[in-house]
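In the UniProt record's numbering, the protein residues as written are 1 to 334.
What follows is a set of notes on a single structure, which appears directly below.
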Amino acid sequence: MPSKHVRNGRLQTINSLTNNQNAFKFLENSEYNPKSEVESFSTKEIQQSRKIFDNSSFLEEQRSIFQRFSTKIVMGLNSTILISPGELSHLYFEITNTALEDLQYHIQVVDEKRFLIKLAPQSLYIASEQTARVALTVSAPANTEFGTTDHITFSAHTSGTSTSLSVLLRVVDHLKVQDTEPPMISWTFGSRCDIKVDDLHACSEHFWNLDITVQDKHTGILRFVSIPSENLFYTNSYIVGARDPIKATYISTCCSPTVQLIAYDVIGNQQAYHVNVEESFFLNETLIAAITLGGILAILLIVLLIAAVVWCCRRRKGTLDLPSYRTRSTRNME
């Protein structure tokens, strides 16, 4: 394994090439700092955006309101977040260009513990609506203690904007890592497609949305995606490998009433759900009816129980109050 001096020299070379390649310049504002977390949007912004739901051009306006940086970054499934001392590990960052035009990207990596060995490619061209992958090779020194963490921030810069994704590497003893539970995915409906579609109200004029929470309390979330993927937006910043909840919102027209939600944890455990807003609404109505019927039956059962107790008490009292009669033999004995 390369010495610390050599690895540090490689990291400096990578950063130098990243900053100077193709005469690329970062924003001139001296107070500008690349985002240290994944692209996110506040709940307030999303609630405000719902005001345009009645506009048939929503999907076009959605780009300018939600996708402020025209780029999405997620971790590749083959990425190794839990690393062993002295071994080479690889991180794969998948960059998707969600802009209408093709873009040139320049990559920058900030590594707190200097575990970075190699970055490739350092610059790449991605066509509109296409995805490309950038690989990082990392290695913790052989004498690194178990439990050590390294915070790596991966940034893709293009056209004066920057989108970043942070990763929390952990140095572990793999023999002691046990996690067989899949991630948790929960959601609530913000709006539904409980409308009547006719000639005056096309399905494209109505929208539904999910408020989603994803979490893995054991090893952390590696990747969370939806199918289709273009309408999923994170509403809080998160770090890959962290155990904190991830908040997201999925929005779609009523012409596309289904979505698949898929989450992977750092170990590779997977959780997936298929959500159909139309079926969910039907099930919700059925559930309400079942709960109502169950409540009525419970009340009847209580009434019957009370009636049975009263009847038993009266019967017992009648038995105790029966008059006693003495027989003739008893009188003769007296």
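Just so it is clear, CB atoms sit at the ideal spot from N, CA and C, and this is done for glycine as well.
Could you check how far apart the C-beta atoms of residue i and residue j are, in whole angstroms? I think they sit under 8 Å.
{"i": "L168", "j": "I239", "result": "5 Å"}
{"i": "C254", "j": "W187", "result": "The Cβ separation is near 17 Å, so there is no contact."}
{"i": "F93", "j": "D150", "result": "About 16 Å separates the two Cβ atoms, so there is no contact after all."}
{"i": "P121", "j": "V134", "result": "6 Å"}
{"i": "L165", "j": "I73", "result": "4 Å"}
Beta-carbon separation of residue i and residue j under 7 Å?
{"i": "I152", "j": "D111", "result": "yes"}
{"i": "A248", "j": "I262", "result": "no"}
{"i": "T96", "j": "T131", "result": "yes"}
{"i": "F154", "j": "V225", "result": "no"}
{"i": "I221", "j": "I246", "result": "yes"}
{"i": "V171", "j": "A140", "result": "yes"}
{"i": "T71", "j": "A156", "result": "yes"}
{"i": "Y264", "j": "R223", "result": "yes"}
Between the alpha carbons of residue i and residue j, how many angstroms are there, rounded?
{"i": "N143", "j": "K113", "result": "13 Å"}
{"i": "L100", "j": "E279", "result": "34 Å"}
{"i": "L91", "j": "L77", "result": "9 Å"}
{"i": "S79", "j": "A298", "result": "53 Å"}
Going by C-alpha distance, which of the options is nearest residue i?
{"i": "T163", "options": "V171, Y105, R133, L82", "result": "Y105"}
{"i": "H218", "options": "N269, P257, S204", "result": "N269"}
{"i": "P85", "options": "V134, T148, V74", "result": "T148"}
{"i": "I227", "options": "E87, S252, H90, A242", "result": "S252"}
{"i": "N276", "options": "G294, C193, D265", "result": "C193"}
{"i": "S237", "options": "T258, E230, E87, T213", "result": "T213"}
Here's a check: name, in chain order, each residue in its chain whose Cβ is nearer than 8 Å to the Cβ of residue i, leaving out the five neighbours to either side.
{"i": "V177", "result": "L82, T219, I267"}
{"i": "H174", "result": "L82, S84"}
{"i": "N125", "result": "Residue 125 is actually Tyr in this sequence, not Asn. So the list reads D102, L103, Q104, Y105, once near-sequence residues are dropped."}
Beta-carbon within less than 6 Å of residue i's beta-carbon, same chain only, minus the 5 sequence neighbours each way: which residues are those?
{"i": "N29", "result": "With a pLDDT of only 39 at N29, under 50, the local geometry of the prediction cannot be trusted, and the value read off the model is given with reservation. The answer is none, since no qualifying residue turns up."}
{"i": "K118", "result": "T137"}
{"i": "R243", "result": "K217, G220"}
{"i": "H274", "result": "Q260"}
{"i": "T292", "result": "none"}
{"i": "R314", "result": "none"}
Take residue i and list the residues in its own chain whose beta-carbon comes closer than 7 Å to its own, dropping the five residues that flank it on each side.
{"i": "N231", "result": "Y250, I251, S252"}
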